[in-house]
Amino acid sequence: MSDHSSTAMDEEAEKQRKHLAMVERLSKRPQSRPNKPESSSESTSSFLSRFSDLKTSIETQLAQSHSIASDAAQLKLHFQNTSQSISNLEKLVAENSYLLPSYDVRTSLKTIDDLKHSLQNLTSTLIPKKKFSFKNKPTKKDSAIHQPPQNQIATPHSDFPTRRDSPGFANKTGELLIEKLRGSEVGEFALSDLHSCEVRVIGSVRALFVHRLRDCRVYVGPVTGSVLIEEAEGSIFVLASHQIRIHAAKRSDFYLRVRSRPIIEDSNGVRFAPYCLRYEGIEEDLRGAGLDAETGNWANVDDFRWLRAVQSPNWSILPDNERIGVVDLSNLKNEDKEI
Amino acid sequence: MGLLSIIRKMKRKEKEMRILMVGLDNSGKTTIVLKINGEDTSVISPTLGFNIKTITYQKYTLNIWDVGGQKTIRSYWRNYFEQTDGLVWVVDSSDLRRLDDCKFELDNLLKEERLSGASLLILANKQDIKGALTPEEIAKVLNLEAMDKSRHWQIVGCSAYTGEGLLEGFDWLVHDIASRIYMLD
Ligand SMILES: Nc1nc2c(ncn2[C@@H]2O[C@H](COP(=O)(O)OP(=O)(O)OP(=O)(O)O)[C@@H](O)[C@H]2O)c(=O)[nH]1
Ligand SMILES: [Mg+2]
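Order-wise, the sequence lines are chains A and B.
Using the UniProt record's numbering, the final residue of the first sequence is 339, and nothing's skipped along the way.
Using the UniProt record's numbering, the final residue of the second sequence is 185, and nothing's skipped along the way.
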């Protein structure tokens, strides 16, 4: 940016103009994402049939490679064409990824990845390597999935900036942890390394990070951004947020209200139910966070590890008779430390 | 004429740029793309695969590939490396705990030969959140100064929430790519 010949004032004016243009565009934005067409299941099935046609034809192309292996020039062209077909297939998925059910997106991606692999393998077996090379470079395929040895991953935290003053609770066992955030503007809130604790957060935060909780109960007011939960075990969470990502959780129950689909990864034995938190003024907080309406998304969980159309075995809907009732933080006594 | 110069020639005519957006899940990639494009950002799901957005930016057409950052699908990132002109690495500046992960994944990416010619924009996102690290702090943690000298890079603090910093970042990226591809030969 430093090498521009224009004066600083011109640049400032230009910046201002662009900013106004963006604001203009933003003000004209549609109120919501374009609705899915009514016939979304129909478009899914037409996508799937196009996808499978293209896939079959690519597989045929791949299979033909052997028969033209003797003609190097033709083979190269053939591989280029095949690679192009795979790219086209990929574009098809990209264009449809908003409309497709999540497992279809995931399986499609897996298929494309497999096709690319097959092509790569064929290319490296059928196109003879040069007799020798000066550099002993690893092949592309190897370098792409190359992972450095374990000891390199654990970089020292020496000059790692940490915020001691950031709100949250860490390293506690068997405690009742209460935070009232009403009226104050809170950014991120973090819970980490808690064991057999009960956490009650009244009020709204922008982002919630949860790391390593065991046998805890966590009740938190509306989160206006996202929640990230990693390594929870034997715990109960009652949360409302725009997005929720759950990684490496075991045997835990989640009572959620979410604007988008909750996602799980590397988790099992996790169960879901609707949000059930109350405290004085929660309606206002929910409204403020745009979470006053039930979306039903608590039940639309996406499991990133699960590639099939049938229900993932890693999560389930919590049966009615096992759900905790409404939790009213205003009525809970503070001395009540039993978990 | 080599394949690369043919591709460049075609691109030059169409003034097209291919931009790859990556970074850990939850860093704000999708929100940033939608915000730049002036779209509604109130309901965004974690990205299951990838989205492509074609955006006209000044006199250029940007093809922005926004790829999901969940661990399970990070192995697919390499499928998108080919012909990338600009790489945008998005960081959640409020997620202090995963900066290690973030550095690890970025380092891995920068080893990738197919990306060696791409301009690198690092967006230190979520600056609106109280407690977020500043771009300078992020640069230090990611050890950006140690990067290969041949790499064109820039770090910019931004917020997809307020829109602040996004134009500054993309302006740098687009100009840097343009100066490499379209003006020089
Ligand atoms: N406060 C704040 N929140 C943000 C900002 N940018 C994104 N978010 C929130 O962060 C969460 C994640 O945003 P996404 O855009 O879905 O993140 P992503 O990088 O696309 O995530 P993946 O698709 O899983 O890789 C959402 O809840 C956003 O609302 C920001 O600048 N400030
Ligand atoms: Mg995304």
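Every residue gets a Cβ at the ideal spot worked out from N, C-alpha and C, and that includes glycine.
Counted within 10 angstroms of its Cβ, other Cβ atoms place residue i as buried (16 or more) or exposed
i, result
"Thr30 of chain B", "buried"
"Ile127 of chain A", "exposed"
"Glu14 of chain A", "exposed"
"Ile324 of chain A", "exposed"
"Thr56 of chain A", "exposed"
"Asp148 of chain B", "exposed"
"Gln311 of chain A", "exposed"
"Leu77 of chain A", "exposed"
"Asn143 of chain B", "exposed"
"Asp25 of chain B", "buried"
"Ser124 of chain A", "exposed"
"His146 of chain A", "Note that His146 of chain A has pLDDT 38, beneath the 50 cutoff, so the model's placement of it is unreliable and no number is given."
"Thr47 of chain B", "buried"
"Ile157 of chain B", "Per the sequence shown, the amino acid found at residue 157 of chain B is Gly instead of Ile. Classification for Gly157 of chain B: buried."
"Lys126 of chain B", "buried"
"Asn171 of chain A", "exposed"
"Arg206 of chain A", "buried"
"Lys59 of chain B", "exposed"
"Asn96 of chain A", "buried"
"Gly225 of chain A", "buried"
"Asp171 of chain B", "buried"
"Thr173 of chain A", "exposed"
"Gly169 of chain B", "buried"
"Pro313 of chain A", "exposed"
"Ala178 of chain B", "buried"
"Gly296 of chain A", "exposed"
"Arg287 of chain A", "exposed"
"His242 of chain A", "buried"
"Arg97 of chain B", "exposed"
"Asp104 of chain A", "buried"
"Thr60 of chain A", "exposed"
"Asn321 of chain A", "exposed"
"Thr162 of chain B", "exposed"
"Ala73 of chain A", "exposed"
"His117 of chain A", "exposed"
CB of residue i within 8 angstroms of CB of residue j, strictly
i, j, result
"Pro262 of chain A", "Ile282 of chain A", "no"
"Leu228 of chain A", "Val210 of chain A", "yes"
"Ser94 of chain B", "Ala132 of chain B", "yes"
"Leu166 of chain B", "Lys35 of chain B", "yes"
"Leu122 of chain A", "Leu89 of chain A", "no"
"Ala249 of chain A", "Ser267 of chain A", "yes"
"Ala289 of chain A", "Leu318 of chain A", "no"
"Val88 of chain B", "Cys102 of chain B", "no"
"Arg257 of chain A", "Leu291 of chain A", "yes"
"Ser204 of chain A", "Cys216 of chain A", "no"
"Ile178 of chain A", "Tyr279 of chain A", "no"
"Phe51 of chain A", "Leu115 of chain A", "no"
"Ile64 of chain B", "Lys53 of chain B", "yes"
"Glu230 of chain A", "Ser252 of chain A", "no"
"Tyr219 of chain A", "Val326 of chain A", "no"
"Met17 of chain B", "Val174 of chain B", "yes"
"Ile112 of chain A", "Ile86 of chain A", "yes"
"Ile55 of chain B", "Asn37 of chain B", "yes"
"Asn79 of chain B", "Asp66 of chain B", "no"
"Ala160 of chain B", "Gly28 of chain B", "yes"
"Ile264 of chain A", "Trp315 of chain A", "yes"
"Thr119 of chain A", "Gly49 of chain B", "The question names Thr, but residue 119 of chain A is Leu in the sequence shown. Cβ distance not < 8 angstroms, so Leu119 of chain A and Gly49 of chain B don't count as in contact."
"Ser83 of chain A", "Leu75 of chain A", "no"
"Pro222 of chain A", "Asp303 of chain A", "no"
Beta-ladder partner(s) of residue i, from DSSP
i, result
"Gly187 of chain A", "Answer is none; Gly187 of chain A lacks a bridge partner."
"Gly86 of chain B", "B:Ile19, B:Ser119"
"Gln154 of chain B", "B:Leu121"
"Trp65 of chain B", "B:Leu20, B:Ile52"
"Phe170 of chain B", "Paired residue(s): none; Phe170 of chain B is not in a bridge."
"Arg200 of chain A", "A:Ile178, A:Tyr219"
"Val238 of chain A", "A:Tyr219, A:Tyr255"
"Asp328 of chain A", "A:Arg278"
"Glu169 of chain A", "For the record, residue 169 of chain A in the displayed sequence is Phe; it is not Glu. Paired residues: A:Leu191."
"Asp104 of chain A", "Answer by DSSP bridge pairing: none, since Asp104 of chain A is not bridged."
"Tyr60 of chain B", "B:Tyr57"
"Val91 of chain B", "B:Ala124"
Distance cut-off 7 angstroms: residue i Cβ against heavy atoms of ligand 3
i, result
"Lys53 of chain B", "By its list of ligands, the structure shown excludes ligand 3, since it contains just ligand 1 and ligand 2."
Cutoff 8 angstroms: residue i Cβ touching any chain E Cβ
i, result
"Ser226 of chain A", "Of the protein chains in this structure, namely A and B, none is chain E."
Complete beta strand (DSSP E) runs within the region 292–321 of chain A (minimum length 3 residues, chain order): 315–317
Beta strand (DSSP E) runs contained entirely in the region 202–234 of chain A, provided each spans 3 or more residues: 207–214, 217–220, 223–233
Entirely enclosed beta strand (DSSP E) segments - the region 244–286 of chain A, minimum 3 residues: 250–258, 263–265, 268–274
Complete beta strand (DSSP E) runs within the region 38–83 of chain A (minimum length 3 residues, chain order): none
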